[in-house]
Every structure is written in C-alpha cells, then in structure tokens.
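Taking it in order: structure first as structure tokens, then the write-up.
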Amino acid sequence: MEVFAQQIVNGLSIGSIYAVFAIGCTLIFGVLNIINLAQGAFLMIGACVGLEAARFGLPLPVTLLVAAFGGGLLGVLSEQFMFRPLRKAGGHRWMGLVASLALARLLVGVAQEIFGTEVQAYPRSSMSAIIWQIGGVRIQALQLFIIAAAVVLMLLFAFILQRTSLGRAIRTVAFSEDVARIVGVRVESATLVTFFIAGALAGAAGLLLGVLFNVVSPFMGDSALVKGLTVMILGGLGNIPGAVAGGFLLGLLEVFSVAYVSSAFRDAIGFGLIFLILLVKPTGLFSGFEERRA
Amino acid sequence: MIGLFEEFLSSYGNVVDLCLLNILLAYGVWLALSGNMFTLGTGGFMALGAYSSVFFTTQTGMPFSFAVLIGGLLAGGAALIIGLPVLRLRGDYFMLATFAFTEVVRVIALNWESVTGGAIGIVGIPRYTETWQLALLAIAAVYFAYALRHSHFGRSIAAIRQDDVMSQTMGINVLAHRLTLFGASAFVCGIAGAMAAHLNFFIGPTDFGLLRSVDALSYPILGGFNALLGPLVGAIFTTLLPEFLRFSNQWREILMGLLVILVVLYLPGGAMSLLQSDRLARIFRRRLIERHSIEQRAES
Amino acid sequence: MSGATLELQNVAKHFQGVIAVDSVSLVARQGQVTGLIGPNGSGKTTTMNIITGLYPADGGVVLLDGVDISEIQPYRIASLGVARTFQNIRLLPQGSVLENVLLGAHRHQNANLFDVLLRLPRLARSENAEVERCEQLLSTVGISHLRDVAVGGLSYGDRRRVEIARALATKPRLLLLDEPAAGMNFAERVTLAELIADIRDMGITVMLIEHDIEFVSRLADHIVVLNFGREIAEGTPAAIKTMPNVIEAYLGLEDA
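Written as structure tokens, this is what we have:
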C-alpha cells in the first residue's frame, strides 16, 4: 500500500508535467490543425534558459517564468517567420511537419553550441532537501511545487481560454478561421498568442522536467516530444481536457510499470498505448469531452 | 584511368557508399510520400532490416543476400501490420503511428540484449556490403521509380495523393494502393538498413532513431519530390554538404535545419524545380490563365 | 454496354443529428435519363454520395440491378459500373486532359505491377489500347483539340467535359451527373444537353442532379423531386411541373 501511495505521488508529479506540455501541443492542433513537432525543442530550450536563470541565482518560481517566456518567444517567432508564411503559401501539409522537424534540429544544434553537449544538473534547490514522511510515503517539497505549479499553469490557461476576450478569439479561430474573420477577430494576433501560450507551456514544462529529474540536456526534447504526442493521442488530437487527463494517465502508467513490471517497459507502455488507441478508439480515450474538429 | 578511379574510391569510398545508401533510402521514403504518407517509420524499418540481417549472417551463417532480403521482407511485413489499421485514419494519425513505431523499435533494440546487444549495440559485424552492390540497388531504385511514374499505377498514385475521394469513385482501391506503397517503402528501407549494418562494422540503437527518419524525409523534399531525380539529388547534396564543409556536428545540425526551412519556405518544389525548364513556361502559362479569366470576367 | 437499373429504398443519412436525407426511395430505369431535382439543401448531393458509397447510409438499401450495394466500398461500386461527376469539378489541375481521362480507365488496364516494373510489352499494349479509347471519348465529348492541355487552364465548360469523359472511361452502366450545367452559359448548356442525350443513346443509364428544372425537363424521361430529404413528387417532366406541392416547394422558391 505504501509503495502504491508513493507511486501515486511520483506519477502525479511527472504526469502534471506531461499534461502541461501536451496542452500546448494539442492547443496548436486544435486551433490551427497542424502538429508542431518543434514543441519538444521549445521544451528543451525552456529547460536550458531556466537553468541559466537558476545559475544566475534566481529563485525557482522566477526561473519558471523565464523558461515559459523563452518557450513562448520561440513559439511566436516560429509562427511569425515559419508557420504563417507556409500557410500563406498554401503548400502541402507535409511542409509544416518538415519545417517544424527542421526547426527542432536547428534549435538542438543551437543549444549544443551555447549550452554545451553535456548533460547538466540544476543547482541544488532548497526545496529538494525538504522531505516529508507521511506514513511510509516520502514527499519532496519539490514534487509538491511541481504539481502546484502545473496546476496553476493549467488553471491560468483555462481562465485565459474560457474567460477572456483573447480566449474567445482563439476559440473562434479554432472553430473556423473564416468565421473568425467575418466576426472581426484579428486572426493574426490570435494565432500568435496561441503559439506564445503553447511555447510558454512547453518552456515551463521543460524547466519542471529538468528540476524533477535534475537533468538538462540538448537532447531531452525528443523523448519529451514522444510523451507529448502520446498524450495528445491518448486525449484525442485537439482535445484539451483530454490532454490533461491523458498526461496524468501516462505519468501514472509509466511510474506503475516501472514499479511493478520493469523499467525497460516504461517507454514501451506509452507506444503500446498509442497503437492500441489508434486501433480501438482513434478519437482518443476522452473524446466525450469536446467535439473534435472535422 | 582505372587507376585514377581506384584512387578516388580509396580516398572517397566511404562518402560514395554513404551517398548510394542514402539514395536508396531517399527512394524508399519517396514511395511512401508519393502515396501521401508522411512516414517517420524509416528509422524503425532500417533497424528491423539491420538487426535481423546481422542476426542471420552472424548467428545462423545465412548468405548475405538472403539475410538482406529477409531484413527487407520483415520491414515490409511490419509496415503492412501497422498500415492496415492506421491508413484508414487521417494522415496525422499515420504520421504519429509511424513515429511511435520507430520509438518502439528503438526501445526494443535497447532492451532485447541477447539479439541486439542492448545499448552497446553489436560490434564486429563482417563487412559484406560492397560499393557495386549499393550502386546496383540505387540504380534499381531510380529505375523502378521511373517505371512506376510512367504507368497507369503512377497516374493513380498521383491522383490518390491529390484527391483520394475522387480516386475511389474512379474505381481505384486507395487503401490497397497506399498499403502496397507503404510496404514497398518499408521493404526498401529495411534493405538499406541491412546494407548499412554490414557496411559499418557496428550498429547501435541510436543509429536508427527519429533523427534517421527525419534525415531520410529531407532527401526527397530538399531535392524535389515531384522530379524523378529529386530524391537522388537531395540525398547526394545532403550527404556531401557536410563532407565538403567540415563543420562541427552542431553547426551541421544548425545549417541543415536552416537549409530545410529555407527550401520549404522559398523553394517548395525542391532543388530540382530550379532546373526544370518548364518552370518559366508554367509562370508564363499562369499569366495566360490570368489574362484569360480577366477576359472572361469582362465578357460576362 | 447496357445500362443498369438503380433503386433506392428508404435511404436515410444524418450528420450529428442533422438530417440530410430523411427517407428517399426512387428508381432510375435502365437506359433512361432520370432527373433528381430539388432546392438547395434538399439532399440531392448527399443522395449521390450514398449511391457511390462515399457516405454509408444510416438506413435503407441501394440496389444496382437488384444487388444491394449499400455496404460496399466506393471503389467496388465504381467497378460495378457506377461513375459520377462532381458538383465542384474534381480534376487533377496539373495533369493534361488525356491524363485525367486515362485515370478513369485505370481498372481496364491489363498490365499488372510486374509488367510495369519490368516494362514488359503488355504494358505498352495495354496503355496504347486505353489511350486510343480515351481519345475516342475526347472526341465524343468534343474536346479532342485539348488532348495535351493542362486541365487547370481550361474553361469551366471544358473542365466539365473532361470530367464526363473521365467518367465514361470507366465504362459505366450508370452515370451520375451532379449539377453538370451549373455555371454554364446558354450555348454551353445546349451542347451539354446534346452530349447527355448521346450518352443515353449509348445505353447508359443517366441520373441527372440539377437545380435548374428547365434544363432537366428537356432531357429527363422521369423526374424525382426532393425536399427536406424526402421525395415529394415523381413523374414525367410535364406532370411534375403541374403538381402543386412541387410548385410550392421548388418553383415558388425560385420566383420569390
């Protein structure tokens, strides 16, 4: 039972990060109907920038903001100079995928050039030292911080999307770009904001991931991207509540498979799920929540 | 003359082998792309071909050619198994499934130590792959691509790529066509993987990851997907560029990324579209059409 | 070539609760031109998509010469001899006229993949035979002179003809035309009407979806009127025009 409770705590902390990251991926799909394969690289850059900020001596919550801003900035730049011109040119769907893969590659190279190719650790935070024992369950203050930060980010995101005029604009564009134009939504700024939010969520997730595992490397984006896409499929492409549920589900599944089966299966679990879902219910496990875009 | 050629091969042999191998891969990916399938499975299929062929040549003493063929067939078979359910879904799901497949293969390669050597990989693979074999395969790939394009199958595939709904109503079995293309694509990639394994002395799980799939995709797209020789040009260019410009690994990645983005943005037809003489003609024709429609509008 | 008889019995289709086709029953008799008319949104194109298998029907059956085809894949329905054109012309704009028409001949090619990859003599024989057949179809629809022109540059009327030639290249027994006269001027309509009559004279059953009741009346042996996803009237063109519910549902709207 104690092992079980411990795994729940571990699973929630990793799952909350997956959820934050996947929301960004699925948001872009939901709004613009494209898959941005550079989100993993945004996450990595967020982690690297956050690490620099931490070395500068900034407290953890501030580094989180720095990482989010870094990711968001990349998102905006990629939309302004890459995705939007591509959409304007009206090229094939592949071109966006190819370009986003190339962008990821470029960013990994840049990160290696600036931050070095080695795996780096975060400066020891006071929070990782604080550990509570509740029953037999060890809870790090850091884990609580991560879960809390993730939840705050998600609530903030939900607030922006549901309660602000900006969010309404984004949802209108997601419904139909043409309709948005007709009703006077400034589509260009709405897509830029969408990319900023998605990038910021990726950057923040990168910092949280780096802090949780105490590892930052230029290559962390690929495996994170895999997780993000897995969660996206779990929740259904473009389905935001689905991404949240899918993120926690994947985190828990991974942790439990390591605890009860074998660590080798941790990654295989996610991919096995992808295949299973594509076979059985391609609209995602949680497709009841929201109508998917046709 | 022959002496010169041998000298060239001895100093640039590796690069030539690499070019030929990548040409093979480029046409493998092209097959999938031509059926509108954005595949990230290339790395996985290569790994299947590589590991299985190495297993057969080193563990069972099977002749090299058979081992390569089996490697290709295994990859092709895997593609059919993935493709049958996934190809019924939208294109994005196909991309994601092939992506997941490559990762599954990588995870298996990491953990099935008795066959794959785990994270360390397999060292000391006999070098059976010869340059002439690679050249033969590359020539065969170009020839088959040519034959396919200049036939009713090529026409149907082009139609499927542009409008699969309409193609169905013309009596074309879209699913069967795409499944065949995907299987053939995986077969070619599997063979390329097997040849690569017996060329390099060593294989490990990192050789066949996502990056490999992305690289392979960039060949036909950089070279020009619509031109017969586009994948070839893209493969050679991409292989040679870093050899001539001796950059650090990081700068290679940065430049390749930048290059692909620029080509996608400013030259969506790929490098071959620069050479096509009808490019100008097409622009001219477009002008004519515009004038035509203006005249029509004036009439009505 | 002999035409096929098409019969729809209580065919229904809805999209996420919205009823597109409520219940349609009709017969398109062998060798005749059957008109399917109705105001916009009355379910004409949806009906055609159900017949060609693009939409699975939610209810009812589609019979082709008495055989139920409602559960069959679109490409199989096409190979049973059902060909169609699209309301929003669907051609490959970069391809030439001949290439587009040859697409319809796909399933009549004798050469298999093996012949293609090894370029065996059967490939050339098969291709030549189909090219010849398609060239004849081009002259049937009157666009022989445009054989090698890219489709993207053609006028609207000519593109319609390419689509009809492509449909004929599949050797259909039933040809479904979805608003073929839309956007055509008077002269183009006259030649199109002649072409459709020629196609009927070849023995092919024609089903003609149209908005324009006058155009259909000149051609059709039999007309079915749809409104709100149901057939509200059927009969000869002359009879249809006098029916009060048709005038109310359809002609009345036109006048308003």
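Chains as they are written, first to last, in our numbering: chain Z, 1 to 294; chain G, 1001 to 1300; chain F, 2001 to 2256.
Cβ atoms here follow ideal geometry from the backbone N, Cα and C, with glycine treated the same way.
Closest by C-alpha distance to residue i, when choosing among the options
{"i": "G:ASN1226", "options": "G:TYR1027, G:ASN1014, G:VAL1015", "result": "G:TYR1027"}
{"i": "G:ALA1047", "options": "G:GLY1013, G:ALA1109, G:THR1057", "result": "G:ALA1109"}
{"i": "F:PRO2172", "options": "F:VAL2149, F:VAL2151, F:ARG2200", "result": "F:ARG2200"}
{"i": "F:LEU2177", "options": "F:LEU2118, F:GLU2099, F:GLY2152, F:ILE2051", "result": "F:ILE2051"}
{"i": "G:LEU1265", "options": "Z:LEU97, Z:LEU208, Z:GLY251, Z:PHE275", "result": "Z:LEU97"}
{"i": "G:ARG1155", "options": "F:GLN2094, F:LEU2208, F:PHE2186", "result": "F:GLN2094"}
{"i": "Z:GLY199", "options": "Z:VAL3, Z:VAL9, Z:SER16, Z:GLY24", "result": "Z:GLY24"}
{"i": "G:MET1037", "options": "G:LEU1175, G:ALA1078, G:VAL1260", "result": "G:LEU1175"}
{"i": "F:ALA2105", "options": "F:ARG2119, F:PHE2114, F:LEU2138, F:PRO2121", "result": "F:LEU2138"}
{"i": "F:THR2242", "options": "F:ILE2223, F:LEU2064, F:ALA2197", "result": "F:ILE2223"}
{"i": "G:ASN1014", "options": "G:TRP1132, G:VAL1123, G:GLU1113", "result": "G:TRP1132"}
{"i": "F:VAL2082", "options": "F:ILE2247, F:ILE2164, F:GLY2235, F:ALA2238", "result": "F:ILE2164"}
{"i": "Z:HIS92", "options": "G:LEU1267, G:MET1272, G:LEU1274", "result": "G:LEU1267"}
{"i": "F:GLU2179", "options": "F:LEU2192, F:LEU2168, F:ALA2187", "result": "F:LEU2192"}
{"i": "Z:PHE213", "options": "Z:GLU52, Z:GLN120, Z:PHE29", "result": "Z:GLN120"}
{"i": "Z:ALA41", "options": "Z:LEU234, Z:LEU73, Z:ALA259", "result": "Z:LEU73"}
{"i": "Z:PHE83", "options": "Z:LEU65, Z:GLY70, Z:PHE69, Z:LEU103", "result": "Z:LEU103"}
{"i": "F:ASN2128", "options": "G:ALA1097, G:ARG1127, G:HIS1152", "result": "G:HIS1152"}
{"i": "F:VAL2101", "options": "G:LEU1073, G:PHE1066, G:ALA1159", "result": "G:ALA1159"}
Rounded Cβ spacing between residue i and residue j (contact assumed at less than 8 Å)
{"i": "Z:GLY203", "j": "Z:ALA54", "result": "Not a contact, Cβ separation roughly 14 Å."}
{"i": "F:SER1980", "j": "F:ALA2012", "result": "It is not possible to answer for residue 1980 of chain F, since the shown part of chain F is limited to 2001 through 2256."}
{"i": "G:GLY1209", "j": "G:GLY1269", "result": "About 29 Å separates the two Cβ atoms, so there is no contact after all."}
{"i": "F:ARG2046", "j": "F:MET2207", "result": "The sequence given here has Thr at residue 2046 of chain F, not Arg. The pair is not a contact, with the Cβ atoms about 14 Å apart (cut-off 8 Å)."}
{"i": "Z:VAL9", "j": "Z:VAL137", "result": "6 Å"}
{"i": "F:GLN2032", "j": "F:ASP2221", "result": "4 Å"}
{"i": "Z:ALA158", "j": "Z:ALA22", "result": "14 Å between Cβ atoms; not a contact."}
{"i": "Z:PHE254", "j": "Z:ILE14", "result": "What sits at residue 254 of chain Z in the sequence shown is Glu, not Phe. Contact holds; Cβ gap of about 7 Å."}
{"i": "Z:VAL261", "j": "G:GLU1103", "result": "Rounded, the Cβ-Cβ distance is 18 Å, inconsistent with contact."}
{"i": "G:VAL1260", "j": "G:LEU1222", "result": "6 Å"}
{"i": "G:LEU1040", "j": "G:SER1213", "result": "4 Å"}
Beta carbon proximity, residue i to chain F, threshold 8 Å
{"i": "G:MET1095", "result": "no"}
{"i": "G:ASP1163", "result": "yes"}
{"i": "G:ALA1159", "result": "yes"}
{"i": "G:ARG1297", "result": "Only weak support exists for where G:ARG1297 lies, its pLDDT of 49 falling under 50; the value from the coordinates is given anyway. No, because no Cβ of chain F sits closer than 8 Å to the Cβ of G:ARG1297."}
Test: residue i CB closer than 8 Å to a CB of chain G
{"i": "F:ALA2124", "result": "no"}
{"i": "Z:GLN112", "result": "yes"}
{"i": "Z:GLY109", "result": "yes"}
{"i": "Z:PHE196", "result": "no"}
{"i": "F:VAL2015", "result": "Here the sequence assigns Phe to residue 2015 of chain F, which means Val is not the residue at that position. No, its Cβ sits nowhere closer than 8 Å to a Cβ of chain G."}
{"i": "Z:ILE35", "result": "yes"}
{"i": "Z:ASP178", "result": "no"}
{"i": "F:THR2191", "result": "no"}
{"i": "Z:LEU278", "result": "yes"}
{"i": "F:LEU2102", "result": "yes"}
{"i": "F:GLU2099", "result": "yes"}
{"i": "F:THR2170", "result": "yes"}
{"i": "F:PHE2086", "result": "yes"}
{"i": "F:ARG2147", "result": "no"}
{"i": "F:LEU2092", "result": "yes"}
{"i": "Z:ILE240", "result": "no"}
Any non-hydrogen atom of the ligand ATP closer than 7 Å to residue i Cβ
{"i": "F:ILE2213", "result": "For the ligand ATP, the structure offers nothing, since it holds no ligand at all."}
Contact set between residue i and chain C, taken where Cβ atoms lie within less than 9 Å
{"i": "Z:GLY11", "result": "Considering every chain present, this structure includes no chain C. Its protein chains are Z, G and F."}
Residue-level contact to chain Z via CB, residue i, 8 Å cutoff
{"i": "G:TRP977", "result": "Residue numbering for chain G in the displayed model covers 1001 to 1300; residue 977 of chain G lies beyond these limits and cannot be assessed."}
{"i": "G:SER1277", "result": "Because G:SER1277 carries a pLDDT of 49, less than 50, the predicted location of this residue cannot be relied on, and the following value inherits that uncertainty. Judged by the 8 Å Cβ criterion, G:SER1277 is not in contact with chain Z."}
{"i": "G:PRO1231", "result": "no"}
{"i": "G:PHE1038", "result": "yes"}
Positions along the region 79-102 of chain Z whose CB lies within less than 7 Å of some CB in chain G: MET82, PRO85, LEU86, ALA89, GLY91, ARG93, TRP94, MET95, LEU97, VAL98, ALA99, LEU101, ALA102
Going along the chain, which residues of the region 1140-1156 of chain G sit with their C-beta nearer than 7 Å to a C-beta in chain F? PHE1144, ALA1147, LEU1148, SER1151, HIS1152, PHE1153, ARG1155, SER1156
Members of the region 2059-2083 of chain F that neighbour chain G once the beta carbon cut-off is set at 7 Å: PRO2074, TYR2075, ALA2078, SER2079
Which runs of the beta strand (DSSP E), 3 residues or longer, sit entirely within the region 2082-2159 of chain F? 2082-2084
Chain G contacts made by the region 2105-2117 of chain F, where a contact means CB separation under 8 Å: ALA2105, HIS2106, ARG2107, GLN2109, ALA2111, LEU2113, VAL2116, LEU2117
Chain F contacts from the region 1166-1188 of chain G (Cβ-Cβ distance under 9 Å): MET1166, SER1167, GLN1168, THR1169, MET1170, GLY1171, ILE1172, ASN1173, VAL1174, LEU1175, ALA1176, THR1180
Contiguous alpha helix (DSSP H) assignments of at least 4 residues, all confined to the region 1017-1085 of chain G: 1042-1059
In chain order, which continuous runs of the alpha helix (DSSP H) of length 4 or greater are located wholly inside the region 1192-1272 of chain G? 1210-1223, 1230-1244, 1249-1266
Mind listing, in chain order, the continuous alpha helix (DSSP H) runs of no fewer than 4 residues lying wholly within the region 73-107 of chain Z? 84-89
Extract the residue ranges of the alpha helix (DSSP H) inside the region 1090-1115 of chain G, only unbroken runs of 4 or more that lie entirely within it. 1091-1111
Just by C-beta distance, which residues in the region 2042-2057 of chain F are closer than 7 Å to chain G? THR2052, LEU2054
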